Amino acid sequence: MNSDSTKYPYIIPYIGVLITVILWLAAPIFHPQRLWGIDHLSYFPAIWSLIYIAVLIILSILIFGKIRITALINIKSGISIWWKQVPQWLRLILAAIIALIVFWLLRDRTKLLGDSFLRIGELGDKGLDRLLNTSAAEPLDYIIHYAIYKYICLPLSLSSTFCYELVSYLAGLIYLWAAWSIARQLKSEKINFWLTFFYLLGWGGVFMFFGYAEEYGLAASALILFTSFVIRYISKGKNIITVSIVFIIGFFLHNLLLILLPSILYMLFIEYKSNRKKAITILAGTVIPVLIWLVISYAKKESGAFLLPSSGTEPGYMLWSSAHIIDIINELFLICPAILVMLLLQQRGKSPTVKSNRLRLVFGLAALSGLVVLVFVDPQLGMARDCDLYALPLLSLNIALFLGVDWSKASTF
Numbered sequence: 019m020n021s022d023s024t025k026y027p028y029i030i031p032y033i034g035v036l037i038t039v040i041l042w043l044a045a046p047i048f049h050p051q052r053l054w055g056i057d058h059l060s061y062f063p064a065i066w067s068l069i070y071i072a073v074l075i076i077l078s079i080l081i082f083g084k085i086r087i088t089a090l091i092n093i094k095s096g097i098s099i100w101w102k103q104v105p106q107w108l109r110l111i112l113a114a115i116i117a118l119i120v121f122w123l124l125r126d127r128t129k130l131l132g133d134s135f136l137r138i139g140e141l142g143d144k145g146l147d148r149l150l151n152t153s154a155a156e157p158l159d160y161i162i163h164y165a166i167y168k169y170i171c172l173p174l175s176l177s178s179t180f181c182y183e184l185v186s187y188l189a190g191l192i193y194l195w196a197a198w199s200i201a202r203q204l205k206s207e208k209i210n211f212w213l214t215f216f217y218l219l220g221w222g223g224v225f226m227f228f229g230y231a232e233e234y235g236l237a238a239s240a241l242i243l244f245t246s247f248v249i250r251y252i253s254k255g256k257n258i259i260t261v262s263i264v265f266i267i268g269f270f271l272h273n274l275l276l277i278l279l280p281s282i283l284y285m286l287f288i289e290y291k292s293n294r295k296k297a298i299t300i301l302a303g304t305v306i307p308v309l310i311w312l313v314i315s316y317a318k319k320e321s322g323a324f325l326l327p328s329s330g331t332e333p334g335y336m337l338w339s340s341a342h343i344i345d346i347i348n349e350l351f352l353i354c355p356a357i358l359v360m361l362l363l364q365q366r367g368k369s370p371t372v373k374s375n376r377l378r379l380v381f382g383l384a385a386l387s388g389l390v391v392l393v394f395v396d397p398q399l400g401m402a403r404d405c406d407l408y409a410l411p412l413l414s415l416n417i418a419l420f421l422g423v424d425w426s427k428a429s430t431f
């Protein structure tokens, strides 16, 4: 490492932050062009936009630089000491209550995002006899909403809106618990606990947990739960069955979690080296039900879901059209806000440990599959309106980017 790089060891992430901030500041100038993934500041008063940018820059300096503020450290230590004195069961209850309050206060009040208004209106007409016709891609999510509405909401005279909000909040609690679990596990790898936890909360799809009336929230919580169990499996070599079960549940919550299948196959390959019979049994138990359902659900589709080089649902919107490529960039910035920083920080070559290499490969496969969905699946309502559809597979990319960084060299805060 030369003297310049030693003097400015964190210049690379600063470049990523700077470019991102410039894009956010420049986007409102070109508003309302096709910049829906980076024009957030267009909808806020100028003073709030400047405050937001200032806070972002300060946090970046604190995280990537060697700056330690005594007052913040003392506050953190005081809270930590008090928190440890609280019984664990009470901690869980308090954390859940605080999270639910935040979800409720910041909930989606208009229900105009995605197909929310349509979903709420259709909930009263749900029935198991209509599952294949209306929700073949998310059968388990359909059943859960149907059961809660019929057996809890209707008897208590609660609205269909409340049903969707309730499921959304519960999915958010699962996501938070899994993110907490992941942060604790990665702490043993000398990755800052709070850095991991808040990075996972920074995923652009967290709006799904704020009363969002769509079918992606539970699947997202299943994906992050899958991540937690995968890290545990790679670290300890146990619970591959649990990983497979969570994958199957996630797949039936939404078929988009098929993107995790290559990761499952790779882990079963690892398992095969030590226990062939077990690996083959789990492979059959995992793949067969997935294939059966794919055949059944595909038979119900009336149109193709993939973009062709010469066709698309929007006139002139084709696989390699400029409009589609710009939409892809917008979606990446919207769902993975720190993508430039993460790409610049990616570790080159192999990690020093087998465990790290395996984790990178597992989530690299999932991320690659998620990118295939982003590029090839037709945004039939427009990618801006269907941003939640792509947020789900891009969660795997968000995780893969984080695990691809050597945080022992990138953070001291």
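So this note's numbering is basically just the index in the sequence shown, starting at one, shifted up by 18.
Cβ atoms here follow ideal geometry from the backbone N, Cα and C, with glycine treated the same way.
All values reported here derive from a predicted model rather than from experimental measurement.
Which listed residue (the options) has its alpha carbon closest to that of residue i
{"i": "Ile277", "options": "Ile99, Ala72 and Leu410", "result": "Leu410"}
{"i": "Trp472", "options": "Gly145, Leu149 and Arg366", "result": "Coverage of the chain is limited to positions 19 through 431, which leaves residue 472 absent and any answer about it impossible."}
{"i": "Glu232", "options": "Thr128, Val73, Cys405 and Asp133", "result": "Asp133"}
{"i": "Ile215", "options": "Glu207, Glu156, Trp195 and Leu174", "result": "Inspection of the sequence shows that residue 215 is occupied by Phe rather than by Ile. For the residues Glu207, Glu156, Trp195 and Leu174, the minimum Cα distance to Phe215 belongs to Trp195."}
{"i": "Asn375", "options": "Glu207, Val261 and Ile79", "result": "Glu207"}
{"i": "Ile259", "options": "Phe227, Ser78 and Gly303", "result": "Gly303"}
{"i": "Ser292", "options": "Gly255, Ile170, Glu349 and Leu136", "result": "Gly255"}
{"i": "Gly235", "options": "Phe247, Tyr217 and Leu191", "result": "Leu191"}
{"i": "Phe121", "options": "Asn92, Trp107 and Leu184", "result": "Leu184"}
{"i": "Ser253", "options": "Ala64, Ile200 and Phe62", "result": "Ile200"}
{"i": "Asp147", "options": "Phe135, Thr245 and Ile161", "result": "Ile161"}
Where the alpha helix (DSSP H) through residue i begins and ends
{"i": "Ala384", "result": "Val372 to Phe394"}
{"i": "Lys296", "result": "Arg294 to Ala317"}
{"i": "Lys205", "result": "Ser178 to Lys205"}
{"i": "Ser340", "result": "Ser340 to Ile353"}
{"i": "Asp404", "result": "Unbroken run through Asp404: none, as it is neither H nor E."}
{"i": "Gly139", "result": "Ser134 to Leu141"}
{"i": "Val248", "result": "Gly235 to Lys254"}
{"i": "Met336", "result": "Where Met336 is concerned, there is no enclosing alpha helix (DSSP H), given that its DSSP letter is neither H nor E."}
{"i": "Asp159", "result": "Pro157 to Ile166"}
{"i": "Gly34", "result": "Ile29 to Phe48"}
{"i": "Ile258", "result": "Ile258 to Leu271"}
{"i": "Leu363", "result": "Ile357 to Leu363"}
{"i": "Ile170", "result": "It is not in any alpha helix (DSSP H) - Ile170 carries neither H nor E in the DSSP assignment."}
{"i": "Leu108", "result": "Gln106 to Leu123"}
{"i": "Phe216", "result": "Phe211 to Leu219"}
{"i": "Thr152", "result": "Leu149 to Thr152"}
Same chain, Cβ closer than 8 Å to residue i, neighbours up to 5 away in sequence not counted
{"i": "Gly34", "result": "Ala356, Leu358, Val359, Met360, Leu361, Leu362 and Leu363"}
{"i": "Arg250", "result": "Gln203, Lys256 and Asn257"}
{"i": "Ile282", "result": "Val261, Ser262, Phe265 and Thr304"}
Anticipated Cβ contact below 8 Å, residue i with residue j, distance rounded
{"i": "Tyr167", "j": "Ser178", "result": "6 Å"}
{"i": "Ile2", "j": "Tyr193", "result": "Past the boundaries of the shown model lies residue 2; the chain is included only from 19 to 431, so the question cannot be answered."}
{"i": "Val54", "j": "Ala384", "result": "A small fix is needed here, since residue 54 is Trp in this sequence, not Val. Actually they do not touch by this definition, with Cβ atoms about 26 Å apart."}
{"i": "Leu309", "j": "Ile300", "result": "Their Cβ separation, rounded to whole angstroms, is 15 Å, which puts Leu309 and Ile300 out of contact at 8 Å."}
{"i": "Leu413", "j": "Gly223", "result": "6 Å"}
{"i": "Ser60", "j": "Ala45", "result": "7 Å"}
{"i": "Leu389", "j": "Leu415", "result": "7 Å"}
{"i": "Leu124", "j": "Phe228", "result": "5 Å"}
{"i": "Ser239", "j": "Ala189", "result": "4 Å"}
{"i": "Leu392", "j": "Ile346", "result": "6 Å"}
{"i": "Ile75", "j": "Val39", "result": "7 Å"}
{"i": "Arg52", "j": "Ile344", "result": "5 Å"}
{"i": "Val423", "j": "Gln365", "result": "6 Å"}
Contact set for residue i: own chain, Cβ-Cβ below 6 Å, skip 5 residues either direction
{"i": "Ile41", "result": "Reading the sequence as shown, one finds Leu at residue 41 and not Ile. Contacts found: Ile56."}
{"i": "Thr382", "result": "Note that residue 382 is Gly in the sequence shown here, rather than Thr. Excluding positions up to five away in sequence, the list reads Ala418."}
{"i": "Leu158", "result": "Phe270 and Leu271"}
{"i": "Tyr9", "result": "The structure shown has nothing for residue 9, since the chain only spans 19 to 431."}
{"i": "Trp425", "result": "Ile209"}
{"i": "Asn348", "result": "Trp54 and Gly55"}
{"i": "Lys144", "result": "Tyr164"}
{"i": "Leu274", "result": "Leu410 and Pro411"}
{"i": "Leu350", "result": "Ile357"}
{"i": "Tyr32", "result": "none"}
{"i": "Ser246", "result": "Ala196, Ser199 and Ile200"}
Chain-order list of residues whose beta-carbon lies under 7 Å from that of residue i (same chain, five-residue window excluded)
{"i": "Leu219", "result": "Ala197"}
{"i": "Cys181", "result": "Leu141, His163, Ile166, Tyr167 and Cys171"}
{"i": "Arg137", "result": "Tyr182, Ala231 and Glu232"}
{"i": "Leu421", "result": "Leu377, Arg378 and Phe381"}
{"i": "Lys373", "result": "Ile252 and Ser253"}
{"i": "Ala114", "result": "Leu191"}
{"i": "Ile37", "result": "Leu358"}
Check: residue i C-beta below 7 Å from any heavy atom of the ligand ADP
{"i": "Lys254", "result": "Absence of the ligand ADP from the depicted structure is noted, as is the absence of any ligand whatsoever, leaving it without description."}
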